[in-house]
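Structure, as structure tokens:
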Amino acid sequence: MKPAYEKPVIKKLHTGLMNKFGRSPAYARKVRRDIDGVAIEDLVAKFGSPLFVYSERTIRQRYRAMHTAFSTRYPNVVFGWSYKTNYLNALCALMHQQGSVAEVVSEMEYDKARALGVPGSKIIFNGPHKSPAALEKAAREGATINLDHLDELNDLEQVAHKLRRHVHVGIRLNLDAGVYPQWSRFGFNLESGQAMEAVKRIKSGGKLVLNGLHCHIGTFIMDATAYARQVAKMVAFGCEVEKAFGFAIESYDIGGGFPSRSQLKGVYLPPEVALPSTDQFAEAITHALSKALRPGDFPKLILESGRALVDEAGYLISTVVASKRLVDGTRAYVADAGVNLLFTANWYKFNIELDREVGGINEHSVIYGPLCMNIDVVDEGTLLPPLTRGTRLIVSPVGAYNHTQSMQFIEYRPASVLIGGTGEVDLIREAEDLGDITRREKLPKRLAVTGGGGK
Amino acid sequence: MAAREGACAPLKPLHRSGQILMSAHLKAIFNSYAEIFFLHGAPLGAAIFVVTLANPGVALAGIIAVVAAYGFARLVKMDQQFLASGYYTYNPLLVGLSLGFLFKLSALTVFFVVSAGVLTFLVTVFMANVFQTYLRLPILSLPFVVVSSIAYLASLRYTNLLVRVQHDTPLLTTDLGLPFWLAGFFKAFGAILFAPSVVVGLLLCVAVLCYSRILFLLAALGYYTGAMIRDAMFGSTSHAFADLSNFNFILIAMAVGGVFLVPSLTSYLLAVIAVAVSTLFADAMAGFWSLYGIPAFTLPFNIVTLGLVYVLSLLRHPMVATSVGRTPEETLEMFLANRLRYRGQDRTLYLPFAGRWTVWQAFDGQWTHKGSWRYAYDFVITDERGETHRGDGSKLEDYYCYNKPVLSPVRGRVAHIVDDLPDSPVGGADETNRWGNLVIIHDERGFYVELSHLAEKSIRVKKGDWVERGTVLGLCGNSGYSPQPHIHVQAQAADTVGDATLPFSFVSYSDGDEYQANNVPAEKRVVEPLYRDKRLDNATNFVLDDELCYAVRRDGKPAGELKLKVKMAPDATFYFESARGQLYFGKHENTFYFYRVAGNDPWLRQLFLALPRMPLACRDGLTWHDYVPVGLVASGLREAVVGVLSSVWPKLATVKVTLRFASDNRVESVIEAGPLRVRKTASVDLDRGKGFARISVNGLVFERVSQPISPSP
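Protein sequences, first through last, are from chains A and B. Take any residue in the first sequence, note its place counting from 1, add 1, and you have its number in the numbering used here. Take any residue in the second sequence, note its place counting from 1, add 98, and you have its number in the numbering used here.
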């Protein structure tokens with residue numbers, strides 16, 4: 002095929018210079034021809050583009066590594082899979098198979114876990130919005146409920162009254178662990194005495210039994226000592242509660258927020274250098290825990306890790322559909338996946354790999370998504386050689402939050418596949434079609450569109 | 099909130115129809131009669147008493163001696179509980195019978211019998227204490243032999259005592275037309291109570307047979323073994339079978355084969371040997387003793403039985419019964435269940451780490467756990483490929499267990515630490531300081547635990563610190579004689595580094611998916627310690643006077659109400675008391691147990707069956723096994739047959755219960771006794787507060803009716 006004509010531009014080249022990694026930025030390439038041994042081209046040929054691809058092997062490895070890091074340092078560790086991170090059934094089932102319980106933050110997620118076959122007793126129900134009906138369902142089914150506010154406390158007391166039995170609950174705390182901004186909008190504040198008031202309120206109501214404490218200090222926490230401070234404060238509070246009110250705190254749920262190997266925008270160092278290792282987090286947390294707890298006492302330590310387990314297992318394959326030159330001379334590409342699928346593009350700089358070797362000199366390029374919206378930018382500037390239409394861009398890590406936050410907006414949502422441990426590829430979510438979008442719509446008869454149009 | 103719905107009705111007064119109600123005194127006296135045949139129970143004693151009445155003079159003398167001894171014991175304020183068992187009064191009974199056999203009853207004879215009864219009691223208490231303290235042996239009927247011999251010797255000079263003229267009724271003399279070898283057996287049986295009569299012997303046999311088939315069979319075994327040996331020796335068959343001292347053989351066989359040893363092929367063989375040995379004794383003594391005009395009484399039985407039991411105990415013979423039941427059948431049943439039920443040692447350790455580790459070297463290991471150091475364990479962490487390291491394993495950091503916390507396996511005080519030795523490189527080993535960095539903890543139960551090869555400068559405790567189970571001691575390293583990072587743990591008698599090791603076992607851990615309450619894992623097994631789960635611990639935290647009340651349904655139809663109340667026994671064990679029985683329970687090393695059931699409540703037996711034990715730690719899919727006494731699944735004739743046959747075929751009495759956590763508050767179990775073709779299923783739902791909300795065993799359902807005990811104090 003004859004190359005398309007392109008208006009010439011002049012670019013300054015620094016030939017012969019090396020960057021600090023010993024390579025010339027003009028020729029550095031990141032190429033990925035396969036995921037877990039399955040060729041990109043085969044995946045696209047079978048399932049289309051764009052395409053979410055998850056690696057079962059990576060998920061299991063991450064889970065084992067993280068679980069071992071904690072469980073070999075503290076003898077009573079439970080993982081709660083944070084559904085909101087990615088609630089594709091296959092991935093949730095994978096997590097449950099690894100031994101995780103479900104951590105849900107809404108009635109929808111609760112129902113989803115139940116529909117998947119998870120018993121109520123293996124669900125942790127968090128979040129600021131739990132309707133009285135949802136609370137009743139959860140209480141009936143023996144779920145672990147963590148209260149977020151006093152109104153919910155009242156609602157649950159009503160439920161207990163209705164069920165004619167005590168209901169066991171946890172409360173969510175917010176506290177100053179040295180992480181800013183402090184997430185004070187969730188739960189009861191510890192330092193101001195709100196949390197103790199809530200415990201008093203539970204005690205005086207006589208219908209609920211406090212048996213757990215929950216706290217989640219934030220997301221993508223890059224400082225292990227923050228967790229140590231959090232744990233110390235939680236356990237001190239738990240001991241105080243046990244002493245003052247006679248409740249037995251059976252579990253400390255320290256939330257999640259552990260970072261994945263994602264590159265935050267504005268962070269200069271690569272994640273391998275900037276972030277503490279899983280072992281460092283585990284060491285800090287368990288050390289603080291055993292220092293704070295009574296000797297010989299091992300309440301359950303619950304971790305609600307999401308991103309750290311799944312992010313690196315997710316890839317999005319997209320295809321270059323067009324290339325352009327912007328008016329300032331910058332090279333730009335239009336890909337078939339944009340912020341409709343990559344919500345986290347707002348704060349992470351993705352790793353973008355090509356499916357093939359491409360010749361030519363790298364150029365500062367912008368990658369746009371397919372939306373007819375100005376904000377649809379996947380990457381504002383990255384070094385890429387001249388790409389032709391049809392080149393696949395493999396974006397990673399995208400396992401966390403991208404699927405759950407992807408929008409049906411302008412485009413159809415694509416398929417998701419899971420590559421198994423032995424290279425088998427399973428379709429875990431079909432690509433959407435028009436039916437998915439119009440199924441719930443009702444068109445009043447008088448507005449029926451007739452072939453002729455107009456009156 | 100919610101009102102107590104349908105609270106239990108108060109316990110109804112107990113009507114035990116068909117059971118003889120007798121005063122405590124009478125019970126105590128009758129118990130002495132049963133004790134002679136190694137059995138317990140006042141009803142049996144009463145029956146035996148009635149049988150002795152066939153010879154009223156003898157019977158009267160017997161009861162006078164017992165009453166005298168019992169009265170004296172009350173006078174000197176002996177503890178009622180010891181007395182009630184009959185253990186201290188059966189010797190006076192025998193003495194009384196022996197005197198009644200010799201003399202006609204008169205005022206003077208009564209005095210003589212009373213004095214002899216009191217004397218026997220004194221000798222009994224004295225000898226019992228000396229024997230128990232110095233020999234750990236019971237006294238059997240030695241006091242009887244001593245006092246009766248004394249009384250017979252003394253009586254040689256008491257010419258005022260009227261020798262009894264045998265006015266035997268036909269009841270006592272008739273042979274019922276039985277052949278000599280059968281008549282001889284029953285006579286010998288009767289002779290135990292100084293009534294060498296076929297009728298008395300026959301009645302006693304029936305009484306014994308009702309209580310224990312094994313004892314009866316042993317009696318026959320003993321008698322015929324002894325009689326046949328005598329037959330061969332004497333050359334006179336009728337003489338050999340009719341010899342009255344043959345009752346010694348009966349007693350020896352019963353005591354050795356069914357009482358002091360657990361009934362089994364071994365015990366039966368030993369019983370035969372003991373009888374054979376005793377023939378020498380019996381005949382030697384008969385000759386010697388008769389010089390002084392006294393019979394040898396039960397001396398051969400006493401000497402042979404005590405001698406054998408002493409030797410077997412000294413050699414720690416596995417069949418020596420450590421807990422003796424009311425009958426040999428019961429001893430056997432407990433033994434067979436407990437042998438499988440309780441494994442492991444008294445020196446119990448938790449695994450010295452958290453998470454899943456792999457046994458690298460167990461007891462008597464192939465590399466270093468040899469000789470004096472055979473009782474030791476080594477642990478490493480392995481991955482899904484079975485490797486202990488990532489990469490090529492050339493650096494210590496490659497090893498999964500390197501720098502992982504080492505936890506204290508016991509409660510105790512830190513006796514010694516070494517902290518400053520460098521970690522050896524992989525493959526290298528420090529020959530000089532073999533044990534590397536280590537912590538030695540003194541466990542107050544009387545031993546030390548040493549944990550070795552910790553990482554340099556990683557130890558977080560110091561000498562004199564008190565540590566609990568699970569306290570972090572330091573980090574796993576590679577110091578000392580260690581080719582790759584691992585934890586070495588051993589129990590030892592002293593606090594010196596690398597002292598000779600003692601056997602121990604691990605408690606509360608999972609081996610694969612199976613819970614082990616107290617055991618030793620095999621090499622290459624993946625094990626994980628399980629620590630107390632507060633919820634399960636609270637759920638089983640039954641305190642005195644807690645009440646659990648259940649509506650019972652059988653196949654859906656109401657079958658009554660079961661009310662349980664927590665009580666404490668004098669030995670500080672706890673039990674649930676129902677109207678008809680006791681279900682003993684307890685917690686040991688992180689496991690909740692139903693230990694045994696006493697009394698006559700079939701529902702308590704079902705509860706025992708449904709949940710013989712439960713770990714106080716829950717893991718997904720955790721399973722465990724237990725074994726329960728066969729009496730829980732077999733009854734009546736079946737139980738009687740199994741009771742005898744299981745002594746030679748133990749598998750017959752194996753009742754295995756397989757349990758698992760179906761969820762974190764539901765246990766499901768399968769009860770199987772293969773050879774008996776029993777298979778039942780059961781489930782137990784735990785109450786979210788305390789206790790069991792619902793128990794279902796094969797169509798029988800116990801539903802908690804009262805509001806759970808308020809979990810908030």
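A virtual CB, placed ideally from N, CA and C, is assigned to each residue, including glycine.
Cβ of residue i within 9 Å of any chain A Cβ
i                 : result
Arg652 of chain B : no
Ser733 of chain B : no
Gly104 of chain B : Interpretation of Gly104 of chain B is limited by its pLDDT of 38, a score under 50 that renders its predicted location unreliable; no figure is taken from the coordinates.
Glu626 of chain B : yes
Ala715 of chain B : yes
Thr569 of chain B : yes
Asn616 of chain B : no
Leu458 of chain B : Looking at the sequence shown, residue 458 of chain B is not Leu but Trp. No, because no Cβ of chain A sits closer than 9 Å to the Cβ of Trp458 of chain B.
In DSSP terms, what residue i is bridged to
i                 : result
Ala333 of chain A : A:Lys325, A:Val367
Arg141 of chain A : Answer is none; Arg141 of chain A lacks a bridge partner.
Ser397 of chain A : A:Asn352
Trp722 of chain B : B:Leu757
Gly81 of chain A  : A:Val102
Leu447 of chain B : B:Phe604
Arg777 of chain B : B:Glu770
Integer Cβ distance of residue i from residue j, believed to fall under 8 Å
i                 : j                 : result
Ala214 of chain B : Val244 of chain B : Ala214 of chain B to Val244 of chain B, Cβ: 11 Å. No contact.
Ala380 of chain B : Ala369 of chain B : No, Ala380 of chain B and Ala369 of chain B are not in contact; Cβ-Cβ is about 15 Å, not under 8 Å.
Ser261 of chain A : Ile303 of chain A : In fact, because the Cβ distance is near 20 Å, the residues do not count as touching under 8 Å.
Ile539 of chain B : Val565 of chain B : 6 Å
Leu44 of chain A  : Pro415 of chain A : Not really, about 11 Å apart at Cβ, beyond 8 Å.
Tyr448 of chain B : Phe604 of chain B : 7 Å
Inter-residue spacing [alpha-carbon to alpha-carbon] between residue i and residue j
i                 : j                 : result
Leu419 of chain A : Leu92 of chain A  : 9 Å
Thr222 of chain B : Ile237 of chain B : 8 Å
Leu628 of chain B : Thr59 of chain A  : 28 Å
Ile793 of chain B : Lys632 of chain B : 22 Å
Ala589 of chain B : Gln195 of chain A : 50 Å
Asn347 of chain A : Lys85 of chain A  : 18 Å
Phe71 of chain A  : Gly330 of chain A : 52 Å
Asn796 of chain B : Gly741 of chain B : 24 Å
Val450 of chain A : Val102 of chain A : 49 Å
Gly100 of chain A : Pro386 of chain A : 44 Å
Below-9 Å beta-carbon distance, residue i vs any chain B residue
i                 : result
Lys301 of chain A : yes
Arg262 of chain A : no
Gly171 of chain A : no
Ile458 of chain A : There is no way to answer for residue 458 of chain A, as the model of chain A reaches only from 2 to 456.
Pro296 of chain A : yes
Where residue i falls: helix, strand or coil (DSSP)
i                 : result
Arg230 of chain A : helix
Glu482 of chain B : coil
Arg792 of chain B : strand
Ile250 of chain A : coil
Arg115 of chain A : helix
Gly436 of chain A : helix
Pro503 of chain B : strand
Phe410 of chain A : coil
Cys93 of chain A  : helix
Gly179 of chain A : coil
Gln704 of chain B : helix
Val565 of chain B : strand
Arg308 of chain A : helix
Gly684 of chain B : strand
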